[in-house]
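Taking my numbering, the leading residue of the sequence shown gets 76, the next gets one more, and so forth.
Read the structure below first, then the notes.
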Amino acid sequence: MLAVGLSYCAHYVYLPKPEESQFQFAEEARAALCPFLGTEGMRCFDGSPVKSSGRTFASTYLQLPCGVWMSADRKSGRLIAPAIKLTYPLEGCHTVEIAYGRSRVQNFRNASQLNEPWRRSFADGMVRGGELARPSDLLEYSNNYFKRDDALALSQRVIGLYTLTLNISTIELNSFARDVVSKLTPNFDPDLYEDFLDTWGTHIITKSLVDGMAEQQAIVKRCFEAGNNHILGQCIPFSDRDPSNFTCGNYASFASMILNRRLGGDMALENDYEWKITLSIGPALIQILEMVLWYDFVADESVKQNLCTIIRYRQRNIDLVQTEAVHQIDARLYQCHFGAVVAGGNGSGCRPDQLSDSQQVFVDRDHSVYVFEYGNHRVMKWVNSAKQDIVVAGGQGQGTSLTQLSYPRGVVVDQLGTVSVTDLGNVRIIR
76 MLAVGLSYCA HYVYLPKPEE SQFQFAEEAR AALCPFLGTE GMRCFDGSPV KSSGRTFAST
136 YLQLPCGVWM SADRKSGRLI APAIKLTYPL EGCHTVEIAY GRSRVQNFRN ASQLNEPWRR
196 SFADGMVRGG ELARPSDLLE YSNNYFKRDD ALALSQRVIG LYTLTLNIST IELNSFARDV
256 VSKLTPNFDP DLYEDFLDTW GTHIITKSLV DGMAEQQAIV KRCFEAGNNH ILGQCIPFSD
316 RDPSNFTCGN YASFASMILN RRLGGDMALE NDYEWKITLS IGPALIQILE MVLWYDFVAD
376 ESVKQNLCTI IRYRQRNIDL VQTEAVHQID ARLYQCHFGA VVAGGNGSGC RPDQLSDSQQ
436 VFVDRDHSVY VFEYGNHRVM KWVNSAKQDI VVAGGQGQGT SLTQLSYPRG VVVDQLGTVS
496 VTDLGNVRII R
């Protein structure tokens, strides 16, 4: 049994593939199945977007609900083509209107964190869209982020139109899917079955969320506040955040936006309200909620077992490759360590190496730490590797003169190093 398994693995991995697929989509299939929902909106087989206007598109949209039962590939994450017979009026389909609007922010600091959502979501039968709609190119992310001591912050705001649920007991494959399944032989031919999976995928979606998504990406420092993702997520300069407030001052300075895009609808529109209107005629398949493997739709027991075997080996090989890539990349990253004393630590007092009733901190781009002391009515600056703090404002006791402060609350340091302090007790800002 072991020898057979090893022989199959060698055959599966190394034998060359035929130049032309036996399961490729003919012109008739392309014309009948196009357009269909993609992860970025209505698409055709060549990946080109479909214009969200005109009678043809509007007519297609009216028949949309049962046209979204797509096949999907576990290896690439691609949505391939509708595989279920289209029926009107709606039989076997169920729609539920919903509405989302809250952003979800995730921070990915290494290859393991980036790979986990895809691995877990496909295992659970639930796949999010946008950047998480397909397995990540871990080497690309390593070169662009992790090796540079950066991490990727991802914000996704889903605008839900409706969910579509398929009653498996009432549906059947469409004529094109039935035709390709008929070409699968009872005798197990790895090349033939792999060709089928490459062309038609491994799964069929049975429940999906159809809507739009506003997605933004930012770069943050990989080891900065790794233990406080909630606060960091609130302060990244995404469009629905306010990184200019005091709490976010030191966090926002470590983040920069790199991507702002919309998925679904007319993506060229800048106005958020106008874009949402266009989602009704050009939505995207943003989230897979449930899916089943191809062999659940096959009646022939031999073909069913062959599909089960090839899919199992395919998924196992993918997981092994990804796991090894994660291990190799993360092994080269230094570990983030926290807990070092950067200011004070010598008891309460007014000496330069002491603090008294320190309330909040600010960190500038040079990693210098500014501490606001209510007890000493001063702002202290700690420079990386310094032995003691430096008084940058106040320090002359509580008062109203320009050399005094009364309960300093906030500080901003500009690119020239100029320090502006919010003097709460005196209701003023001094520089």
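Where is the CB? At the ideal position from N, CA and C, for every residue including glycine.
Is S495 helix, strand or coil by DSSP? Three-state result, S495: strand.
Own chain residues within Cβ distance below 6 angstroms of V487, not counting five before or after: S495
Does the distance from the C-beta atom of F111 to that of P157 stay below 8 angstroms? yes
Given a threshold of 16 other Cβ atoms within 10 Å of its Cβ, counted over all protein chains shown, does S230 qualify as buried or as exposed? So S230 ends up on the buried side.
Helix, strand or coil for A293 per DSSP? Assigned with DSSP and collapsed to three states, A293 falls in strand.
As assigned by DSSP and simplified to three states, the class of W369: Here W369 sits in helix by DSSP.
Of the listed residues V502, G485 and K296, nearest to N219 (C-alpha basis): K296
Cβ shell of C109 (< 7 angstroms), same chain only, five flanking positions each side left out: C119 and F120
For P261, does the count of other Cβ atoms within 10 angstroms reach 16, so buried, or fall short, so exposed? exposed
Between the Cα of R407 and those of A101, S151 and N185, spot the shortest distance and give me the residue it belongs to. N185
When DSSP labels each residue in this structure, what does N249 get in the three-state scheme? N249: coil per DSSP, three-state reduction.
Do H352 and S217 have their CB atoms nearer than 8 angstroms? Sequence check: residue 352 is Ile here, not His. The answer is no: Cβ separation not under 8 angstroms.
Whole-angstrom Cβ separation of T238 and S196, contact assumed at under 8 angstroms? Contact doesn't hold; Cβ gap of about 17 angstroms is too wide.
Beta-carbon gap between Q99 and T274 smaller than 8 angstroms: yes
Roughly how far, in whole angstroms, is the beta-carbon of S481 from the beta-carbon of Q471, given that I think they are within contact range, below 8 angstroms? Incorrect: roughly 11 angstroms between the Cβ atoms, too far for contact.
Can you check which of these residues, G205, V256 and V285, is closest to T508 by C-alpha distance? Residue 508 cannot be examined here, being either before or after the span of the chain that is shown, 76 to 506.
For S127, is the classification buried or exposed, using 16 other Cβ atoms within 10 angstroms of its Cβ as the cut-off for buried? A caution first: S127 carries a pLDDT of 48, below 50, which makes its placement in the model unreliable, though a value can still be read off. With at least 16 other beta carbons inside 10 angstroms of its own, S127 counts as buried.
Put L379 into one of helix, strand or coil per three-state DSSP. Inspection of the sequence shows that residue 379 is occupied by Lys rather than by Leu. Note: K379 maps to helix in three-state DSSP.
Taking the C-alpha atoms as reference points, what is the distance between R253 and Q188? 39 angstroms
Using DSSP's beta-bridge definition, name the partner residues of M332. According to the DSSP secondary-structure assignment, M332 is paired through a beta bridge with A293.
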